[in-house]
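Below is one structure; the comments refer to it alone.
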Amino acid sequence: MNFSFSEDQVLLRNSVRAFLDEQCKPAHVRAMMHDPRGYDPGLWSEMAKLGWLGLPFPEKHGGAGLGMVELAIAIEELGRAAYPGPYLPSVVLGGVGLLLGGSGGQKDTWLPAIASGEKRATAALIEETLDWDPASTTATAVRSGDGWKVSGLKRFVPWAHVADVVLVPARGPEGLSLFLVDPRQAGVTLSRMVGIDLGSRWSELRLENVGVGANAVVGQPGGAGPLLEALLRRAAVCASAEMLGAARRCVDMSVEYAKVREQFGQPIGSFQAIRHRCAEMLLETENSHSAVYYAAWALEAGAEDAAVAASICKSYVSESARRACGDAIQVHGGIGFTWEYDLHLYMKRAKALEPLFGDAEFHRELVARHVAGAR
Amino acid sequence: MDLNYTAEDTAFRKKVRAWLEQNLPRTPIRTLDERRAWHRKLCEAGYLGMGWPKAYGGGDARPMEQAIVADELARACAPAPTNALGLGIVGPTIVVHGTEAQKKRYLRKILMAEELWCQLYSEPNAGSDLAALRASAEDRGDHFIVNGQKTWTSAGSIADWGLLLARTDPAVAKHKGITCLLMNMRQPGVEVRPLKQITGSSEFSEVFMTNARVEKSDQVGRLGEGWAIAQTTLGYERGGRALARITSYASQYGRLVEAARRIRRHGRPLVDDPIIRQKLGRIWAELEVERYGALRMLTLLERGEHPGAGGSLSKLSYSEFEKRFMELAMEILGPYGQLTEGAPEELRLEIDTAVGEQGTWAYAFLWSRAGTIYAGSSEIQKNVIGERILGLPKETRADRVGGAR
Ligand SMILES: Cc1cc2nc3c(=O)[nH]c(=O)nc-3n(C[C@H](O)[C@H](O)[C@H](O)COP(=O)(O)OP(=O)(O)OC[C@H]3O[C@@H](n4cnc5c(N)ncnc54)[C@H](O)[C@@H]3O)c2cc1C
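Written as C-alpha cells, this is what we have:
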C-alpha cells in the first residue's frame, strides 16, 4: 500500500504546473473571458504536443497510456490555474467516454484527433429535469432508415460551441442509447448559457430530428446506462480534482496574504481568527486531496469500492472547495471582493463545478444507497 | 500510488483475523482482572508493543503491521487492552529516552500489564499552557521530593506508576527547568481522588503529591530537559492508530444504519427519509475520507518519516469528525439517541468503551467531546498547523514576550 505519488507522477504535476505558470497566468484567463471561442488554440496545440490531451488514451490511439490518477493530477493543475478551455469536456467526457464504450472504429476516428488537439469533443449529460441519473433521460431516438433521428433538449453542455462531436444520450426503441452528434449539423441549435465563471462555457443544445447514422451509436443500442454511469463517475472525480486545484490556489494565496497584510501593527496571520481559518482550509483541502486521489486510484484499479469512492469524492470536495474559496475572500477582506484581484477566478471555477456531474446532495444519496440500500 | 495491500500484509491480516476468531472473549469484560487477562493474551500473541525493540519484549514490527492489528481488533469490536497510557506513551518514552536499567526494569511489566501507568502532565493551572506547570521536584541527593497537584489524570485511580513532569528549577525560563520522572503511585505521599466525568463514569482523577519520593534512577533524560521529552512523547499519541479508530467508527456506523432501518417514523423506516439519507450519506463520506487520510499517514510512517506537525492535521481531522458523527447520530436516532438504559435491543451499540461496559450512543456522544480537548485541544492543533505547516507568524503572547518568569 502506498498513497504517495510516484516520481513520474510528481514529474507530471511539476511540468503541468510550470507550463501553466508560464502560459496561463491570470492575465491569460482574463483575456479569454472576452474571446469568442473562450480558449487559445495555440495553447491547446502546445498541450497536445506535450501529450496532455491524450493522457488516458492508449498509445495506439495517440495517447500517453496513463491512468485516472495522472488525469486527476493534470486537471488539478488546470484548476489551480483556472485554465480556460475544453480540457475536461474533450479529454474526459468525449475521450474517456469513447474509451469506455466506443467501437474500434469510433476510437480510431476520434481518440487520435482529440489527442492531437485537432478535434474537440464533449457530452450532453443533463436535461431540463436537472437529474444526473442517466435513467432520467427523456431525449428520444427513433429509427430512420438504418440510422436514427434524435430529438431533445440538453442543458449545460460544456464547450459545445467549439466541439466537433457531442455524446448525446437518448431513449430509443431498445432503451437508453448514446449517440455521436455533430453540433453543427442540421437540426441542432446551440444557445449560450453564461455563468459566473467566464473561464468556462456552456450551451443549451436543442436537437430536432437530428439524423445520425448506424455507426453513431456508442456501445450497444439500449446499453448506455452503465456506460453513462461509469462516465459520470469519472467526470465527477475529474471535476473534483479541478475544484481541489482551485481551492489549493485560494489557500496558498490566503496564507501568503496573511503573512504580509498588517493590521493593528501585526500581520493578520498572527490573529487566531485568521490563522485558525487558514488551518481549517488546509485541513479540508488535504482531505479533499485524499478523496480525489483515492477515488481516481479506485476507478483506475477497478477497486470494489470505486463507484462509492467517486460519490464520496464529489460530495466531499463540492462542499470543501466552495468553503475554502469563500474563506479565502474573507481572509483577504475588501481586496478579495474586487474584480482586479485574482481570487475570484478560482472561487468561481470551483463554484461552477460544484453542481456539475452531481452536487453534494446527489452524490450523498448515491452513498446512502450504497450503505443503506435502495429506497 | 498503489492502494492495494501487499500480499505479505494481506496474509498477515488473515493470520490476525484467524487468531481473533479463536481468542476473542466470548462474554463481556466486567472487571479489571478480566481485562488484564485479555491484555496478557494479546501480549503473548505478540499484538501489543509491536513496534518496540525485540530485546524488551516488542516485535520490531512495521507501522503497517501495527495498524493492521489495531484495525482487526477494531473490526472485531475486541475489548481494549488495559494500560493504554503505559503502552501508548510511557513505554515509547522509555524506549527512546530511558536508561538501560529503566528499560529492563519497566518495559516488560508495562507490556504484560503487571504495572499500570498514568500520565501526570496537566495541572489545574497548566493545561494547554503545559509549560506553566508548578508541581516541584526538589533535589535531595539520591532522590527527589515531589510536591504539587496534577489533574485530569486518566487511569489515575488504577495506576501503579506515573510519568511525571515536574519543575526542578524555578529560576529559569518556564520551558526550561522541567524534568521528566517516573513516580511510584503506591506510596504514602500520593493521593488520588477520582473525578466524575460528564459520561457519569470516572476515568480520570486528581492527584495530590505531598513529599512524595522519586529515586534519582527514575529520572528520564537529563535534568531540565523534560519539556523536550514531553514534546516527543506527545507525538506517540498520533499516527498509526488512526486506521483502527476509523474502523471502529465504521462498525458504529453499521449499527446506526441498522437502527435507522428498524426505527419507524410516520409509518416508514427512518432510513427511507431523504433527510436521514443525506445525513447518513454525509457521515459515510466523511468517515471514508478520514480512512483515506489514515492510509496517507501510514504511507508516511512506512517510509520511516515522522509525521511532525502533520500529526496535528490528522488528530484535528478525526477528533472533529467524531464529534460531527455523534451529533448526526443523535439527530438521526432522535429521542432514542440519548437513552442510557432501556433502549430497544436494536439500538445497542456493541462497542467496547474501555471501561468494562457495553457502550451506548449516549456514552459515545458524550465521549466524543473529549478528543478535541485532550492531547492538545483543536485550537492548539490549529495554532501548530498555522505556525509550523503554513508558516504563519506567531501570535504575540505574554509568555513569549516576557521570557523568564
Ligand atoms: C478525557 C480527558 C483525559 C485526559 N487525560 C489526561 C492525562 O491522562 N494526563 C494529563 O496530563 N492530562 C490529561 N488530560 C488533560 C488535557 O491534556 C487538557 O485538558 C488539555 O491540555 C487542555 O487543558 P485545559 O483543560 O486546562 O484547558 P485550557 O488550556 O484552559 O483551555 C480552555 C480552552 O481555551 C483554549 N485555549 C487555550 N490556550 C489557547 C491558545 N493559546 N489559543 C487558542 N485557544 C486556547 C482551549 O483550546 C480550550 O478551548 C485529559 C483531558 C481529558 C478531557
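Protein chains in written order, with the numbering used here: chain A, 1 to 375; chain B, 1 to 405. Ideal Cβ placement from N, Cα and C applies to all residues, glycine included.
Exercise for the section: List the residues of chain A whose Cβ lies closer than 8 Å to the Cβ of T6 (chain B), in chain order. Expected result: M1
Handout entry: For H161 (chain A), the nearest candidate out of A:A170, A:L205, A:G199 and A:A306 (CA to CA)
Key = A:L205
Problem - Reduced DSSP secondary structure (H/G/I, E/B, other) of H143 (chain B) - result: strand
Practice task
Could you confirm whether any beta carbon from chain A is found closer than 8 Å to the beta carbon of A11 (chain B)?
Solution key: no
Exercise for the section: Find out if the Cβ-Cβ distance for the pair G101 (chain A), L232 (chain A) is shorter than 8 Å. Expected result: no
Handout entry: Interface flag, L283 (chain A) vs chain B, CB-CB below 8 Å
Key = Judged by the 8 Å Cβ criterion, L283 (chain A) is in contact with chain B.
Exercise for the section: For G403 (chain B), name the three-state secondary structure that DSSP assigns. Expected result: Residue placement at G403 (chain B) cannot be trusted, given a pLDDT of 44 that sits under 50; what the coordinates show is reported in the next sentence. G403 (chain B) falls in the coil class under three-state DSSP.
Exercise for the section: Quick one: grab the DSSP three-state call for N209 (chain A). Expected result: strand
Problem - alpha helix (DSSP H) runs contained entirely in the segment 270 to 318 of chain A, provided each spans 4 or more residues - result: 272 to 301
Practice task
Give the residues of chain B in contact with N287 (chain A), contact being defined as C-beta atoms less than 7 Å apart.
Solution key: Per Cβ cutoff of 7 Å: V289, G293 and S317.
Practice task
Kindly confirm or deny that the segment 84 to 98 of chain B and the segment 123 to 137 of chain B touch, where touching means at least three C-beta pairs closer than 8 Å.
Solution key: no
Practice task
Give a yes or no on whether 8 Å exceeds the smallest Cβ distance from W284 (chain B) to chain A.
Solution key: yes
Exercise for the section: Could you please give the first and the last residue of the uninterrupted beta strand (DSSP E) stretch that includes F156 (chain A)? Expected result: G147 to P158
Exercise for the section: Could you please give the first and the last residue of the uninterrupted beta strand (DSSP E) stretch that includes V192 (chain B)? Expected result: V190 to L195
Handout entry: Helix, strand or coil at E25 (chain B) [DSSP, three-state]
Key = Note on residue identity: the sequence assigns Pro, not Glu, to residue 25 (chain B). Correct three-state label for P25 (chain B): coil.
Handout entry: 3-residue-minimum beta strand (DSSP E) runs that sit fully inside the segment 110 to 165 of chain B, ordered along the chain
Key = 117 to 120, 136 to 139 and 143 to 154
Practice task
Flag this pair as yes or no: are the beta carbons of W262 (chain B) and E346 (chain B) separated by less than 8 Å?
Solution key: Per the sequence shown, residue 262 (chain B) should be read as Arg rather than Trp. Cβ atoms of R262 (chain B) and E346 (chain B): closer than 8 Å.
Problem - Alpha-carbon spacing of G177 (chain B) relative to W227 (chain B), whole angstroms - result: 8 Å
Problem - Through-space distance from R349 (chain A) to G356 (chain B), alpha-carbon basis - result: Because the pLDDT of G356 (chain B) is 45, which lies under 50, any placement of that residue in the model is unreliable, and the question is left without a value.
Problem - Exposure label - W339 (chain A); buried when at least 16 CB within 10 Å - result: W339 (chain A) is exposed by the Cβ-count criterion.
Exercise for the section: Just mark K150 (chain B) as buried or exposed, buried being the case when its beta carbon has 16 or more other beta carbons within 10 Å. Expected result: Its Cβ being crowded by 16 or more others within 10 Å, K150 (chain B) is buried.
Handout entry: Cβ-Cβ distance between E76 (chain A) and L12 (chain A) below 8 Å
Key = No; because the gap between Cβ atoms is not below 8 Å, this pair is not in contact.
Exercise for the section: Give the C-beta separation of S205 (chain B) and V192 (chain B) to the nearest angstrom, bearing in mind that I take them to be a contact with Cβ-Cβ under 8 Å. Expected result: At roughly 5 Å, the Cβ-Cβ gap stays under 8 Å, so S205 (chain B) and V192 (chain B) are in contact.
Practice task
Look at the alpha carbon of Q9 (chain A) and the alpha carbon of A303 (chain A), and state the distance between them as a whole number of angstroms.
Solution key: Their backbone Cα atoms lie some 20 Å apart in a straight line.
Practice task
Measure the CB-CB distance between S447 (chain A) and G222 (chain A) and report whether it falls below 8 Å.
Solution key: For chain A, the structure presents residues 1 to 375; residue 447 (chain A) sits outside this window and is missing.
Exercise for the section: State the DSSP-derived secondary structure class of E378 (chain A), mapped to helix, strand or coil. Expected result: The first residue shown for chain A is 1 and the last is 375, placing residue 378 (chain A) beyond what the model contains.
Handout entry: First and last residue of the uninterrupted beta strand (DSSP E) at E206 (chain B)
Key = F204 to E215
Practice task
Using a Cβ cut-off of 8 Å (strictly closer), state whether E406 (chain B) contacts chain A.
Solution key: In this structure chain B extends from 1 to 405, so residue 406 (chain B) is not present and cannot be described.
Handout entry: Listed by chain order, chain A residues near Q278 (chain B) by CB distance under 8 Å
Key = E361, R364, E365 and A368
Handout entry: D133 (chain A) - DSSP class collapsed to helix/strand/coil
Key = coil
Handout entry: Any chain A beta carbon closer than 8 Å to I332 (chain B)
Key = Chain A contact via Cβ: absent.
Practice task
Check D2 (chain B) in the structure and name its three-state DSSP category.
Solution key: strand
Practice task
Find the residues of chain B that neighbour P36 (chain A), judging by a C-beta separation of less than 8 Å, and give them in chain order.
Solution key: In chain B, no part has a C-beta under 8 Å from the C-beta of P36 (chain A); the shortest such distance is about 40 Å.
Practice task
Please indicate yes or no: does the CB of G322 (chain B) lie closer than 7 Å to some heavy atom of ligand 1?
Solution key: Looking at the sequence itself, residue 322 (chain B) is Glu, so the reference to Gly does not match. No, Cβ of E322 (chain B) sits at least 7 Å from all heavy atoms of ligand 1.
Exercise for the section: Along the beta strand (DSSP E) that carries V96 (chain B), what are the first and last residues, could you check? Expected result: Taken as a continuous stretch (DSSP letters only), V96 (chain B) belongs to no beta strand (DSSP E), being part of the alpha helix (DSSP H) at G91 to H97.
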